[in-house]
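Note that this note's numbering gives residue 836 to position 585 of the sequence shown, counting from 1, and the numbers run on in steps of one.
Glycine is no exception: its CB is placed at the ideal position from the N, C-alpha and C atoms.
Owing to the predicted nature of the structure, the values given are computational and were not obtained by experimental measurement.
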Amino acid sequence: MKLDETKSLDLQPQKQESEPPSLHNSSSHRSISSNSLRANSIKEVGFVDLRSKEVRYGSRGGSTSMSMSQREISDEDSRLVYINDPLKTNEKVEFSGNSIRTSKYSVLTFLPRNLFEQFHRVAYVYFLVIAILNQLPQLAVFGRFASILPLTMVLLVTAIKDAYEDWRRHRSDWIENNRLSSVLVNGNYEQKKSKDIQVGEIIKFSANETIPCDIVLLSTSDPTGVAYIQTINLDGESNLKTRYAKQETVSRIHENEKINGVIKCEKPNRNIYGFLAYMEIDQKRVSLGPSNIVLRGCVLKNTSWAVGVVVYTGMETKVMLNNSGAQSKRSLLEARMNREIIFLSLFLVGLCTVVSICAGVWLRRHRDELDIMPFYRRKDYSGEDVDNFKYYGWGMEIFFTFLMSVIVFQIMIPIALYISMELVRVGQAYFMIRDDNMYDETTDSRFQCRALNMNEDLGQIKYVFSDKTGTLTENKMEFQYASIAGVDYGGEKTDFYEEQGGYFAQVDGLVLRPLMKVQVDRELVRLSRSGNDADTKTGKQIYDFFLALAACNTIVPIVVDTSDPVEKLIDYQGESPDEQALVYAAAAYGFMLIERTSGHIVIDIHGDRQRFNVLGMHEFDSERKRMSVILGFPNNTVKVFVKGADTTMFNVIDEALNLDIVTATKAHLHSYSSVGLRTLVMGMRELSSQEFGQWRSSYEAATSALMGRASLLRKVAINLEKNLSILGASGIEDKLQQGVPEAIESLRTANIKVWVLTGDKQETAISIGYSSKLLTGKMTKIVINNNSKESCRKSLEDALITSSAPRTGTSRDDANLFALIIDGTSLVYILDSELEEQLFELASKCAVVLCCRVAPLQKAGIVMLIKKRTKDLTLAIGDGANDVSMIQKADVGIGISGQEGRQAVMASDFAMAQFRFLVPLLLVHGHWNYQRMGYMILYNFYRNAVFVLVLFWYALFTAFTLSSAINEWSSVLYSIIYTSVPTIVVGILDKDLGRASLLKYPQLYGAGQRQESYNSKLFWVTIADTLWQSIVAFFVPLLAYWKSDIDGPSIGDLWTLAVVFLVNLHLAMDVTTWTWIIHASIWGSIVATIICVIIIDAIVILPGYWAIFHLAGDGMFWICLIGIVVAALIPRFVVKTLVQRYKPSDVQIAGEAEKFGAIMESRNAEIEMNQHQR
């Protein structure tokens, strides 16, 4: 792939000066000056080369909206928090308590809400009506208790399951609400339950404790007010992040002074990346930003203690506002089944109408004979007065006949189907859990099936929404290449430094080694030893390069004990895996960062410990796309080191000073990018005393500004980062999880659209897109990054025009495919507005969609964008708490049981350890589950309808009296013993195709997307086939025994056996994979039926005593039995044969290939599979 083949349409206004309220990131800066330590936003670290030339068009006007840091907080949009005075804080408006609730039911709402959800199943409503009708004396065909027992049992079992699941949520809530925290009360810290914490109270928490609410930091154990936190429960990231307390409050806590003040902050909102507030203390107004607030669920790390004032509690905390709550999910197949049940209900009404009308005609025709007709006799002559035997008149008799018909024919709607479906799902879940292809040896974790009603949906997925960090990637970076002063060091690698197990430093008698080893270039190791020698130009360039890697970051070195008391390991913790990889690389080459405080860093450089004062830092922001650090050297010189994306770094590098080096570095970057590496460029310049003084005064003025702070800080950074000398570039490999590129390729071949929704910045997402093969160099990228609604509208319109332009070549060529890349800021203005429709139209035309810097609720919004406008099934997969809303909103939610907490797993329908397990889960188990369940539903409709229609035909020949020749016990056992077990076993074990074929040809997954196993056409064909088979089953014995003296129970036994033989052989005809269990279930059911009929006819007190023994001795019985089966199944056999011969499906072709050992690479087979995707 050539770099210049990549096309990119960047629909982003240039040089926007203002930012929207939801902008996730503004410049974060920290000056280690005498009394100011500031950082005003969540930091973004990690840099990516876009690897493409960009064609910019679209909206170019500046946004008219003001950022949160550029406007005053209005009284209507704010709340006042009086520090250490909860009574005054809650005096006018009582804020939410700190109690949380994630459960779905309460004691009072469980019964009505659960019943309401269960009665979404139309069949349940139907059987409820039947049960009510059977309670009426005039219609009591069956016992009253017996009529309500099946429905009651089904409802009870489901309710118990739902109650257990919600009890677990209640238990989790109780644990959270009763955790103890240290709260300042009357000058002393006292233990208080989490649910009792109020806004305005001061709380203290120690290392490794979880923060129970959203707090503004007041002080920490660090004298400068720095705190390190872990946000696994918030954004899925395990790396440490820094938060800061204001100096105005830090000193007071350390000196045990009482703090009085007021914080004016914005009202609770879902933006976890932003916070706007100011604090008035000692008649001084101090601005507060995202770096001063610690959110609920964060964990304090590497800081002994921290103190903060509560600003948001309970359900008003940002993490809870991003929790969309537990969702009630139903299988799509089950929802569509409701439609067919309505059709069956109408069909049933038709049958009952025919019987009731015919009964009315019969009554009118025989009205003069009703009083004395033996089997009907209307008059009761047993007493002195002649009365009617429950006769209500001609009209009411018709009505009652109709209702009695409904009760007699009720199994037309199979309530047993729901029980069978649950049992089949349990069996399917067992085999999914036991599948070794979805077992992760590293974590010793198997697949988890947490929701049993979604199995078949796995076979119909059209959209996959995936998180990035921890889902597609291992969140591990590896340093691979370095370009220093125009020289590429990417040659022979070794695991060891001086063949001694890696570089180490000796400090105070201890041996310090980096926790992670990095492969090093032998030549570069040799050159790096020359150190900062002015006489050796190459050595000085290498020295400055690795010094930049070791110093230009926010990494915190943590000493880890080993079994050897003399040897320690240094674990580099930070917000960005990119930074970690660079610092580990610097340590491997002899530049080991061993200490960091708020004011200085200590680096061991080939055994020489050197201390550098950190005079200032401008951290990464999405507009500059670079970060810088100002270091004070031991020789009193001051230098600024800068690293960032090449797209912005070459704009601030003075190419005239190093033209040859710049040219060579660009060529190296091109080669690094072409192999999918993440690239960074490093630069440096020395600052004079005057330049440093100007920067310092400008920086302090910007940090103290109440309005426009982010913009002012950005300008200060831009003025500093200019006229740089280039040091070099690096290439880092972002380690994907094993098998991710292959998995994404298989999913796309299966016509599944994969969207990546991540909180990371755009460059990172694009880089992962390339390395995972989601993006290719030939795709046309459409980039939308806007700061206003109008600019979003213009960008969408331009993009739609571009995507609608005619293209050359086939539609499957990558050159004709579009990739949409959009950020969370733009989504703020698009989602829940009239622009949603345009975004959906544009996204539908794109093969790939990447959403960057999106908040948790925006992820859910993207899922709903598709769900509201298509009938396609969606699947969301993620590993962090920030993915919970997305997982709950999608039709199917999958949690990755990795290193990022358990929130995603707890909210998911299924859980697994690796993204690559999606392939066997969807393409194999999803296909099997859908095919089995679709067939089982249609088979259950057929099985019950055949039996009902036999009863219907019999009613037409028995004066419409609804009497039955079939024994009542056989009617009951028909759905329990005679026919139920085979359908359950086949639904669990049958495989229309083998695993190898399904994985080799992902196109076969399209059968589920096209609903080939369950659709309206198949339903009506099944009904037609059922009608024919019932006619054969009824009329063959009727005609064979016409004018004979056979009694009702005898011919009833023949019909019973004929129907059972017929439906089981019908099932056997459709089985693909025969196992001994399937054999035993089908033939065993037939044998069990014969035994049951014999036992029933051997009971003296039951009607039809000894009937089967008389019947079986007659040759006509066996002729009828065989004739029924053959005549009923011949049309089905012929149609199946013709379809498979002249119009086979992909699955049938693959099945034949498996059966006859073909390789299935013929051109015709491939063409047919691909046609469905066009």
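Check whether the Cβ atoms of residue i and residue j lie closer than 8 Å to each other.
| i | j | result |
| --- | --- | --- |
| glycine 825 | threonine 848 | no |
| proline 1107 | valine 1135 | yes |
| serine 445 | asparagine 459 | no |
| serine 1159 | glycine 1144 | yes |
| phenylalanine 653 | methionine 1137 | no |
| asparagine 1218 | glycine 1112 | no |
| isoleucine 504 | lysine 552 | no |
| tyrosine 377 | glutamine 369 | no |
| valine 408 | asparagine 341 | no |
| valine 913 | glycine 934 | no |
| valine 1170 | leucine 1255 | no |
| valine 560 | isoleucine 466 | yes |
| tyrosine 356 | aspartate 417 | yes |
| serine 582 | glutamate 707 | yes |
| serine 997 | proline 1253 | yes |
Could you please give the first and the last residue of the uninterrupted alpha helix (DSSP H) stretch that includes residue i?
| i | result |
| --- | --- |
| asparagine 1195 | 1178–1207 |
| phenylalanine 1407 | 1397–1407 |
| glycine 1028 | Run containing glycine 1028: none; DSSP gives neither H nor E here. |
| arginine 999 | 991–1000 |
| methionine 647 | 645–659 |
| tryptophan 1293 | Element bounds for tryptophan 1293: n/a, residue is neither H nor E. |
| aspartate 1043 | Residue identity check: residue 1043 is cysteine in the sequence provided, not aspartate. Start and end: 1040–1055. |
| alanine 836 | 828–839 |
With residue i as the anchor, note down where its beta strand (DSSP E) starts and where it stops.
| i | result |
| --- | --- |
| glutamate 531 | 528–532 |
| glutamine 1165 | Element bounds for glutamine 1165: n/a, residue is neither H nor E. |
| phenylalanine 892 | 889–895 |
| glutamate 818 | 818–824 |
| methionine 868 | 859–869 |
| glycine 559 | 556–563 |
| methionine 566 | Counting along the chain, methionine 566 falls outside any beta strand (DSSP E), and DSSP gives it neither H nor E. |
| tyrosine 333 | 329–333 |
Using a 10 Å radius around the Cβ and a threshold of 16 neighbouring Cβ atoms, would you call residue i buried or exposed?
| i | result |
| --- | --- |
| isoleucine 1350 | exposed |
| serine 555 | exposed |
| asparagine 573 | buried |
| glycine 297 | Since pLDDT at glycine 297 reaches only 27, below the 50 mark, its modelled position is unreliable, and no value is offered. |
| asparagine 349 | buried |
| tyrosine 1393 | exposed |
| alanine 647 | The residue you asked about is not alanine; residue 647 is methionine in the sequence shown. Exposed. |
| phenylalanine 1435 | Residue coverage of the chain in this structure runs from 252 to 1425, which leaves residue 1435 outside it and unanswerable. |
| glutamate 1151 | Legend: pLDDT at glutamate 1151 = 48, less than 50; position of this residue unreliable, value from coordinates given subsequently. With 16 or more other Cβ atoms within 10 Å, it is buried. |
| glycine 1366 | exposed |
| glutamate 345 | exposed |
| valine 926 | exposed |
| alanine 1247 | exposed |
| serine 277 | Residue placement at serine 277 is poorly supported in this model, since its pLDDT is 32, which falls under 50; the coordinates are not used for a value here. |
Rounded C-beta distance between residue i and residue j? I'm assuming under 8 Å.
| i | j | result |
| --- | --- | --- |
| alanine 733 | serine 924 | Actually they are not in contact, since the Cβ atoms of alanine 733 and serine 924 sit about 15 Å apart, beyond 8 Å. |
| glutamate 729 | isoleucine 453 | Wrong, their Cβ atoms sit about 44 Å apart, outside the cutoff. |
| serine 347 | methionine 566 | 6 Å |
| valine 657 | isoleucine 381 | 7 Å |
| leucine 1426 | leucine 908 | Residue numbering for the chain in the displayed model covers 252 to 1425; residue 1426 lies beyond these limits and cannot be assessed. |
| isoleucine 1082 | leucine 1047 | Residue 1082 is actually leucine in this sequence, not isoleucine. So it is not a contact: roughly 13 Å between Cβ atoms. |
Residue i: beta carbon under 7 Å from a heavy atom of the ligand ADP?
| i | result |
| --- | --- |
| threonine 403 | With respect to the ligand ADP, the structure offers nothing, as it holds no ligand at all. |
Notebook entry, point to check: Which ranges does the alpha helix (DSSP H) cover as unbroken runs of at least 4 residues, wholly within the stretch 1214–1257, from first to last along the chain?
Noted result: 1219–1224, 1231–1240 and 1246–1251
Note to self: Quick check on the DSSP output: what are the complete alpha helix (DSSP H) runs of length 4 or more inside the stretch 1322–1399, in order along the chain?
What the structure shows: 1327–1348, 1358–1363 and 1366–1393
Note to self: My parser needs the beta strand (DSSP E) runs of 3 or more residues fully inside the stretch 667–746; what are they?
What the structure shows: 712–717, 724–735 and 738–740
Check: At what residue ranges does the stretch 439–483 contain a whole run of the beta strand (DSSP E), taking only runs of 3 or more?
Finding: 439–444, 453–457, 465–471 and 477–482
Note to self: Which runs of the beta strand (DSSP E) at least 3 residues long sit entirely within the stretch 900–973? Give them in chain order.
What the structure shows: 929–938
Next item on the list: Please list the segments of the beta strand (DSSP E) lying wholly inside the stretch 1101–1154, counting only runs of 3 or more residues, in order along the chain.
Entry: 1124–1129 and 1143–1147
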